[in-house]
Structure formats: structure tokens, C-alpha cells
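In this text, residue positions in the sequence shown follow this note's numbering: the first is 43, and each later residue adds one. Ideal placement from N, C-alpha and C gives every residue a C-beta, glycine not left out. Okay, structure first, notes after.
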Amino acid sequence: MIQTAAISLDEIRHLDRHDPLAAFRAEFELPADTVYLDGNSLGAMPKAATEIARRTLEQEWSQGVVRSWNEAGWYELPRRLGTKIAGLIGAEAGEVAMTDSTGINLFKLLAAALSLRTDRRVIVMEGSNFPTDNYTAQGLIQLLGNRHSIRFVEADGIADAIADDVAVVCLTHVHYKFGHVHDMAKITERAHAFGALTVWDLCHSAGALPVELNRCRADFAVGCTYKYLNGGPGAPAYLFVAGRHHGQATQPLTGWWSHEDPFAFERDYRPASGIDQMLSGTQPVLSMAVAEAGIDIAAHAAIREVREKSSRMGDLFLALVEESCAAHDFQIACPRDARLRGSQVSLRHPNAYSIMRALIDRGVIGDFRAPDVLRFGLTPLYLRYEDVWRAVNALLEVMDSGVWRQPEYTERLAVT
Ligand SMILES: Cc1ncc(COP(=O)(O)O)c(C=O)c1O
43 MIQTAAISLD
53 EIRHLDRHDP
63 LAAFRAEFEL
73 PADTVYLDGN
83 SLGAMPKAAT
93 EIARRTLEQE
103 WSQGVVRSWN
113 EAGWYELPRR
123 LGTKIAGLIG
133 AEAGEVAMTD
143 STGINLFKLL
153 AAALSLRTDR
163 RVIVMEGSNF
173 PTDNYTAQGL
183 IQLLGNRHSI
193 RFVEADGIAD
203 AIADDVAVVC
213 LTHVHYKFGH
223 VHDMAKITER
233 AHAFGALTVW
243 DLCHSAGALP
253 VELNRCRADF
263 AVGCTYKYLN
273 GGPGAPAYLF
283 VAGRHHGQAT
293 QPLTGWWSHE
303 DPFAFERDYR
313 PASGIDQMLS
323 GTQPVLSMAV
333 AEAGIDIAAH
343 AAIREVREKS
353 SRMGDLFLAL
363 VEESCAAHDF
373 QIACPRDARL
383 RGSQVSLRHP
393 NAYSIMRALI
403 DRGVIGDFRA
413 PDVLRFGLTP
423 LYLRYEDVWR
433 AVNALLEVMD
443 SGVWRQPEYT
453 ERLAVT
């Protein structure tokens, strides 16, 4: 049991009783007897998702069949949900579409951005970024004939890496593993001062903390909906193109949904105006329809309250770990200053994998990121401060008992 002078369980329960976001928890289905700290990988399921899925299957598909493209608004989903997402990321309606996956959207937007800077050859990226971003840029560079290169940097070297040979600065706003937050306004300003454009990956930002794309003058952005927006496993992603680039920046996956007049079925491509040019083709309607449940919940939550609670939960988590697990070799791998940290905490330990497996077996679900990081996502809409207490308590028990040493916990599962 945690022994701490910092805060008592009674005080923690007091925080929960006075939590302005407490009512949101009832909007989610949560697994029984579980502390779910992996909403930064896959968000919990909104209860409303079941009804949407039933309606989409039993009425719209079953009875409406092909008519539902019009009558149930399937065709409009990318734009309609894009408008809702725009409200969560500081963008205008018409600047965001929900479509495809994060990686595919990144490919499209990087290509679009490079097409606006044909005299430049460098993309600045953080080397430790989520790999898909780096791999996607590398694939695009190869396709473009290896004339571009990536200037990989550490988080603290970004400003120095931006020079007048840079076409695009492509960064993840909140780092997936270590949780540090980049200063979007400052980096974008510097990129623009050198004539470069910015592409932001918002996977770990939207729904977790305030994002102000237009206030920061961001050029392009992508993000997923299956983490803090609780859109469901593999839910489609979204993309943002600042209005000033519409009609100038064009993406190369020029499928029929990105044509000026898709149902004219013309032989030759003509780009759609506006955000539609960033679409490609037919969208996964079932996933997209279901994702609206989570997007709507996020739209009703005050993001400043969400941020405030996740910062306090992170501070509490770290304080409890530091005080009660001091004997167990953990290193804090995320910023201690909540203003610089996204909605997660990360710890390093040489036996991180086995420890996380043992924790999951005890109902505390976080995840592992190679080679040695335990990640705990903090999702204020369905977590209580007491869950943080329970999680650190379980961690302490796993460590004190040495149960993580059991051989079955070293066996790697396909998804960690
Ligand atoms: C920062 C970041 N970018 C991209 C992705 C993955 O994108 P996709 O949904 O295309 O696999 C992830 C997945 O966790 C991520 O954390």
C-alpha cells in the first residue's frame, strides 16, 4: 500500500467529488475492475457508439442500402465530421476533413507542402517520432526521386535545424512516447520566418489539450480519432489545410472524391476546390459513423478543464511514483512540468515490458514502448483521481512482490 505524505486517499476522493468533468465517465463503457490508462493508444468506447452502429447497420445499410449515401448523409461524413473536429483543433469549418488514416493523410499533406516549396529540399523531423511519420516521409522522398532529405533532430534542436533550405517542418505536437509538447506557435513562426511550411501530427493532442492551429498560423495538420477522441479501433483520421493554401496546395492521391465533379465521371482529373481535394475515395462509413459518438463527447467537454485535470493527474501520478517506488529503479521519462507534458506519463525501467504485463494482469492497463518505457495515458473524461492512486498502488505491489519476474511476463505479445 502506498505510504505518502504528499496526499491522502481521502483528499484524492475529495478531488473526485469536486471534479467538474466527473459526469462524463457515465458516457463511456469501461471494462469492469480495470484502471484503463491506455486511452492514448485506443480510447474507451462511448455508450452512444452502440446505438449509432445499430442504426447504421439496421436502418441505413439494411433498409436504405445505396440510398443512404444521400438519405443518411454518408457522402457528407468527411466534411460534416471534419467541421466538428475543426472546432476541437482551432480550425475553421471547411479546413478539416475526416478521412483515411493518419499515415496516408501525412503522405498527402507532405506532398502538398513540398509542392509549394519546389526550390527547397529539406524536411525537418524529430528522429524519435512515431515511426510511421518518418517512414512515410522516407517513402515519399523515394517516390520523388531521392532529391529531398530529412534533417532528423532532437526535441531541443528544432529551432537550430530550421534554415533557408527547409521546405517543411513536420512534427508531432505531443510526443507519443515521452509526452513532451512542442510550442506550435513559436516553431511555426520560426519556420515561416525562414520560408518553410509546417505539418503537425496531432494524434496525441486533439481532445487532450487545447490546439489552436489558426492562431499559431499552422499550415497543415493530421491526426487520428481513436485515441483521445474515442472514435474506435482503426477509426478514420483527419487532415487540416489552412484556408490560405486551398487551391494552391494539391495532394497526389487524386481519386474521384477529390475531383471537382466526382459524379460527372470525366476521363481527366480536375482538382476539387477547398478541402475536398484532400480526399481520395470511398470512406469506411461504419467506422466513421461510429466515431461521431466520441467526437461529440469531446466537443461538449471544456478543453481547459480537461487539460487542467490531466495535468493534475499527471502530477499526482509522478509524485506517488517518486515517493512510494523510490526503491525500484524507475526513471521519469516525461517532462515533470505539466505545462510541457501531454496527457500521459512515461516511466523508464530496464524490465518495463514484464512490469507492464504484470500490471495488466492486475487490471491496470497501460502499455510498453520499446526499449524500456512504460506509458500511462491520462484521459480526464473517464478517469478518476482515485484511478491514479490505484494504478500506482498496483505498480508498487508488482514491484514489491517481484511478481513481474514470472517467466510468462517476458513473452512478447504481437501488440504491446
Ligand atoms: C504520433 C502518431 N502518428 C501516427 C500514428 C499512427 O497512424 P496510423 O493510424 O496511420 O497508423 C500514431 C499511432 O499511434 C501516432 O502515435
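For residue 409, the uninterrupted beta strand (DSSP E) segment begins and ends at 409-411.
Look at the region 144-224 and you find these whole runs of alpha helix (DSSP H), each 4 residues long or longer: 144-157, 173-185 and 200-203. DSSP places residue 340 within a helical segment (H, G or I) once states are collapsed to three. In summary, residue 457 is exposed, with fewer than 16 beta-carbon neighbours lying within 10 Å of its beta-carbon over all protein chains present. Of the heavy atoms belonging to ligand 1, none sits nearer than 8 Å to the Cβ of residue 311. Within the region 248-328, the complete beta strand (DSSP E) segments of 3 residues or longer fall at 262-265 and 280-283, listed in chain order. Residue 336 is not a Cβ neighbour of residue 77, given a cutoff of 9 Å.
Between residue 239 and residue 155, the gap from beta carbon to beta carbon is short of 9 Å.
Beta-bridge analysis with DSSP links residue 242 to 213 and 263. With a cutoff of 9 Å on beta-carbon distance, residue 139 and residue 121 are scored as near each other. In terms of Cα proximity to residue 51, the closest of 426, 451 and 98 is 426. Residue pairing by DSSP places residue 373 opposite 390 in a beta bridge. If you check the C-beta of residue 266 against ligand 1, you find a heavy atom less than 8 Å away. A distance below 9 Å separates the beta carbons of residue 220 and residue 170. Per DSSP, reduced to three states, the secondary structure at residue 134 is coil, with no helix or strand assignment. Between residue 322 and residue 297, the C-beta gap is smaller than 9 Å, which places the two residues in contact. In the structure shown, residue 378 adopts coil according to DSSP, grouped into three states.
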